[in-house]
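A short worksheet on the structure shown next.
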Amino acid sequence: MIKRSVLILAACFAGLSSASASATAPVHAPIFMPNTLNVGNPALVPPPICCAPQGPPVAGEPAPVNMAYFGGHIQVDPKIYVVFWGWGEPGAFNHTTPGAPSDDPDGAAARMTAFIKAMGGTSWAAVSTQYYETVNGQNVHIQNPGNVFGGVWYDNANPIHNNLSGLELAQEAQRAAAHFHVTDFDNSQFVIAQPQMYNEAGFNSGAGYCAYHDYTEPASYPGVQPGISFTNMPYVLNSGSTCGENSVNTGYYAGRLDGFTIVLGHEVEETITDPGAEAVVNGQNLGGWYDYAAYENGDKCAWVGYTEGVAPASTVPGGLNDITGNDGKQYPVQSLWSNDSAGGAGYCAGAADDVPVTG
Amino acid sequence: MSINVRTKTAIVVAAASLAAATTGVAAASSPPITITTPRAGAWISGERNPYIAVAGGVQFAPSTPQTTRFYLRRDACGTTNDNPHLSVTSATDGGDGCGLIIDSAVGLGGNVDQAAFVDFPATDGMPLALDSSRPITGVIDLKGTAAGLAQVNVSMDALVGGQGVTVGSDSASAVLDPTASDNAVAFTITPSAGLAGADLQGLDLRVSISGPSVDAGYIGLSGKSFADVPSFTASVNRSVEISLDDPTFSNPIPARLGTSGSSWSVAIAAPAPGRHTVYAESIQGFATSKPVTTTFTVRR
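So the protein sequences, as listed, match chains A and B.
The first sequence: position 325 = 325 (the numbering used here), numbered continuously.
To convert, take the position in the second sequence, counting from 1, and add 1000; that gives the numbering used here.
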């Protein structure tokens, strides 16, 4: 179980000298993935945990300082369930593509589904296996099984609308849990993917993020079953290059869906290493792994190498790049923070363009 | 009544082809696919006929070579709704006359000019059956007071089977005459051989223009810049598939087309005794016919 002493111990191991946790728990917020124009925007970062936080990351560069374990659970044997909410409902898309299904005219649903099926067992997903949870004094590491795909649900029965709230997304995650008959919530996460014309309100408003992940607890999501890890996955193509379009692959069509796997990969790997989303409930930290500026493994490497198309991001170590999935196909992703990389100093890894010393 | 069909597949198929040929294809106003074998209401001995011939006629649209002209268009100048695109129709463009030509500096003009190129994705004219045996030709019209050498780079990519593919590219140069109203720079793209017969779901023309003194010019639109893409009037990808007792075709069985292209046939294992329905549909590119059916009964 999670104990305060574990948290303090973790802080000590992290080598932070001035540890003094705040007396009052910060107001919880989802863990946002900023778009390329809002990297380091303090409005999109949870409050620092303690001590002297590092400054926000510089756009296009990794955020230094290794992550620490904050005592909550992680997803040892992850299962990812993908919900395409309302993709087949009237008005979900404003266009069609010949030969493509009307509920997926850009191929985004197919690409995201294929990616989740293909990510298991890759060297990219393996970056997270260095992280662990402590149970009865034993460190239990994250596994990298070949199949992390839990299932897919095209939910066209529950009406969707534009400008969804976070609560509505959490409610959909709860419905998905029931749909899939999920009982192991610690290892399960739910991606609520939205169609082109019906998206979450903050994404639509231009708040500056591409997606977020969160954890249901009564204070933030009243009436929703506690303990559900979910991702708000908007239709990131609506944000164009600021959420990854053409950021890895060149060619109008070749890179059009880049953002979907970059953003989705960011969120699902953050959820694996920090399913509790840094939540603190009744003084108990439910968080897994992140640094003392509250950056998770995805945040610390978001948009590394991105130059608005001037140069390939993969020319920068840890930059956005294609990885080969377990199906042999290429998927653009961002790298993930690896405490073990660079001789233990930590760096962004897993995107097939690591620095020479890697974990 | 029973139909005694021989057990060897080759014979079955040959017989089926003959049946289809003699029956012929329905007139143009009829459904484009028919089932002639087995006949509706037929009784078939499952014991004597481990395979059953299924055959019929089909009428595909002719695939006649043609050329599809895509005009470079732009709706506005310097707004978030500039919407550079390709269209098979032409008219006066609201974005004609604004500075699409950029010099060697990167990023001038905001997102539209990101990384010194402009994408013109097709907003109509799709799907398109590409004839890759002929070159894609076109013109980028340069206007304004630009002068001197201009380099025009064009590249075309397409969406095929949901994947982005490179069609081809070309570079052309011209010495601009600032006193001329138009400087037509012709380009030719040789399509990738791997795209022979491809049905394009989307098409994009990426244009990049550079030169020491071209920043005062722009691309002439309103019908003056275009790409002529060789195509067919209908897809060359034709097939017929059948489905046994399943109108959703969840496990379709491909049929063989006759050499004339107007008949089809396939042998299927005799199903269990009882009443069965065969569904057949024809597919040409992205167009799928309404299924036709016939019902027969298998007895022991």
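We put the CB at the ideal spot given by N, CA and C, even for glycine.
Values in this document were obtained by computation on a predicted structure and should not be read as measured data.
Leaving aside the five residues before and after residue i along the sequence, list all residues of the same chain whose C-beta is less than 7 Å from its C-beta, in chain order.
i, result
"Asp353 of chain A", "Ser314, Pro317, Gly318, Gly319 and Asn321"
"Gly1024 of chain B", "With a pLDDT of 31 at Gly1024 of chain B, under the threshold of 50, the modelled position of that residue is not reliable, and the figure given next carries that caveat. Excluding sequence neighbours, Gly1024 of chain B sits near Gly1057."
"Val82 of chain A", "Met112, Thr113, Ile116, Val152, Val191 and Ala193"
"Asp104 of chain A", "Trp87 and Ala110"
"Ile49 of chain A", "Tyr292 and Ala294"
"Val1278 of chain B", "Ile1035, Val1054, Ile1242, Leu1244, Thr1293 and Thr1294"
"Asn163 of chain A", "Ala201 and Asn204"
"Gly1110 of chain B", "In this prediction, Gly1110 of chain B has a pLDDT of 35, which is less than 50 and means its spatial position is unreliable; what the coordinates show is noted afterwards. Excluding positions up to five away in sequence, the list is empty."
"Val1112 of chain B", "Residue confidence for Val1112 of chain B is low, a pLDDT of 36 falling below 50, so the modelled location carries little weight; the figure read from the coordinates is stated next. Closer than 7 Å at Cβ, skipping near neighbours: Asp1082, Pro1084 and Val1118."
"Ala302 of chain A", "Met33, Pro34, Val39, His266 and Gln334"
What residues from chain B crowd round residue i, counting only those whose CB sits closer than 7 Å?
i, result
"Tyr253 of chain A", "Asp1157, Ala1158, Leu1159, Gly1164, Gly1202 and Asp1204"
"Thr36 of chain A", "Under the 7 Å cutoff, chain B gives no residues; its nearest Cβ is about 12 Å from Thr36 of chain A."
"Ala110 of chain A", "Gly1162"
Which whole-angstrom value is the C-beta distance of residue i and residue j, which I expect to be below 8 Å?
i, j, result
"Met393 of chain A", "Phe93 of chain A", "Chain A is shown from 1 up to 359; residue 393 of chain A falls before or after that span and cannot be answered."
"Thr231 of chain A", "Glu267 of chain A", "4 Å"
"Ala100 of chain A", "Gln1201 of chain B", "7 Å"
"Thr1064 of chain B", "Thr1233 of chain B", "4 Å"
"Ser338 of chain A", "Val304 of chain A", "About 13 Å separates the two Cβ atoms, so there is no contact after all."
"Pro332 of chain A", "Val248 of chain A", "4 Å"
"Thr96 of chain A", "Asp106 of chain A", "Contact doesn't hold; Cβ gap of about 10 Å is too wide."
"Ala1150 of chain B", "Gly1211 of chain B", "4 Å"
"Tyr212 of chain A", "Asp1157 of chain B", "With a Cβ gap of about 32 Å, Tyr212 of chain A and Asp1157 of chain B do not count as contacting."
"Pro78 of chain A", "Val182 of chain A", "Rounded, the Cβ-Cβ distance is 12 Å, inconsistent with contact."
Given that residue i touches chain B, what residues does it touch there, using C-beta distances under 8 Å?
i, result
"Gly107 of chain A", "Gly1162"
"Arg256 of chain A", "Gly1164"
From the DSSP secondary-structure annotation, give me the bridge partner or partners of residue i.
i, result
"Asp1157 of chain B", "B:Thr1166 and B:Asp1204"
"Ile323 of chain A", "A:Tyr331"
"Gly1148 of chain B", "B:Leu1176"
"Tyr132 of chain A", "A:His141"
"Tyr292 of chain A", "Tyr292 of chain A pairs with nothing; no bridge assigned."
"Cys243 of chain A", "DSSP, once it has assigned bridges, lists no residue as partnering Cys243 of chain A."
"Met1126 of chain B", "The partner list for Met1126 of chain B (beta bridge, DSSP) is empty, contrary to what the question assumes."
"Gly151 of chain A", "A:Tyr81"
"Ala1055 of chain B", "B:Thr1037 and B:Ser1265"
"Ser1243 of chain B", "B:Tyr1279"
"Gln174 of chain A", "Its beta-bridge partners do not exist; DSSP assigns none."
"Cys348 of chain A", "A:Trp337"
Which same chain residues end up closer than 8 Å to residue i when comparing Cβ atoms and leaving out the 5 residues on each side of it in sequence?
i, result
"Val1229 of chain B", "Thr1067, Thr1068, Arg1069, Phe1070, Leu1128, Leu1130, Ile1136 and Leu1203"
"Tyr1193 of chain B", "Before going further, note that residue 1193 of chain B is Ala rather than Tyr in the sequence given. Taken in chain order, the residues that qualify are Ser1132."
"Ile160 of chain A", "Trp85, Gly86, Glu89, Ala92, Gln194, Pro195 and Tyr198"
"Asn139 of chain A", "Tyr132 and Glu133"
"Asn1081 of chain B", "Asp1075"
"Gly1220 of chain B", "Asp1096, Asp1141, Leu1142, Lys1143 and Asp1182"
"Phe185 of chain A", "Ala177, Gly227, Ile228 and Ser229"
"Val1160 of chain B", "Leu1195, Ala1198, Asp1199, Leu1200 and Gln1201"
"Asp155 of chain A", "Val83, Phe84, Trp85, Gly86, Glu172, Arg175, Ala176 and His179"
"Pro1032 of chain B", "Ala1026, Val1058, Gln1059, Phe1060, Ser1282 and Ser1289"
"Asp327 of chain A", "Ala114, Lys117 and Ala118"
"Met1126 of chain B", "Leu1200, Gln1201, Gly1202 and Leu1203"
Please work out which residues of its chain come closer than 6 Å, Cβ to Cβ, to residue i, disregarding the five sequence neighbours upstream and downstream, and give them in chain order.
i, result
"Ala1026 of chain B", "With a pLDDT of only 34 at Ala1026 of chain B, under the threshold of 50, the placement of this residue in the model should not be trusted; the figure read from the coordinates follows. Cβ neighbours of Ala1026 of chain B beyond the five flanking positions: Thr1034."
"Gly1094 of chain B", "Asp1075 and Ala1076"
"Ala25 of chain A", "Annotation note: pLDDT 49 at Ala25 of chain A (below 50); position unreliable, no value reported."
"Ser1104 of chain B", "Any reading at Ser1104 of chain B needs caution, since the residue's pLDDT is 38, under 50, leaving its predicted position unreliable; the model's value is listed next. Excluding positions up to five away in sequence, the list reads Ser1210."
"Pro1291 of chain B", "Tyr1279 and Glu1281"
Residues of chain A with CB closer than 7 Å to the CB of residue i, please, in chain order.
i, result
"Phe1304 of chain B", "A question about residue 1304 of chain B goes unanswered here, because the residues of chain B that appear run from 1001 up to 1300."
"Pro1121 of chain B", "Tyr252"
"Pro1191 of chain B", "Per Cβ cutoff of 7 Å: no residues; Pro1191 of chain B is ~15 Å from chain A at best."
"Pro1127 of chain B", "Pro98 and Gly99"
Show which residues of chain D have a CB atom less than 8 Å away from the CB atom of residue i.
i, result
"Asp1199 of chain B", "In summary, chain D is missing from the structure at hand, where the protein chains are A and B."
Legend entry - Meets three-Cβ-pair contact criterion under 8 Å: the stretch 207–223 of chain A and the stretch 120–130 of chain A: no
Legend entry - Touch test, the stretch 1257–1267 of chain B against the stretch 1130–1139 of chain B, Cβ-Cβ under 8 Å, three pairs minimum: no
Legend entry - Given 8 Å, three or more beta-carbon pairs between the stretch 1234–1252 of chain B and the stretch 1170–1185 of chain B: no
Inset, instruction - Could you tell me whether the stretch 65–80 of chain A touches the stretch 278–290 of chain A, using the rule of 3 or more Cβ pairs below 8 Å? - result: yes
Inset, instruction - Inspect the CB distances between the stretch 1239–1252 of chain B and the stretch 1277–1287 of chain B and report whether three or more fall short of 8 Å. - result: yes
Inset, instruction - Could you tell me whether the stretch 255–275 of chain A touches the stretch 292–302 of chain A, where touching means 3 or more Cβ pairs closer than 8 Å? - result: yes
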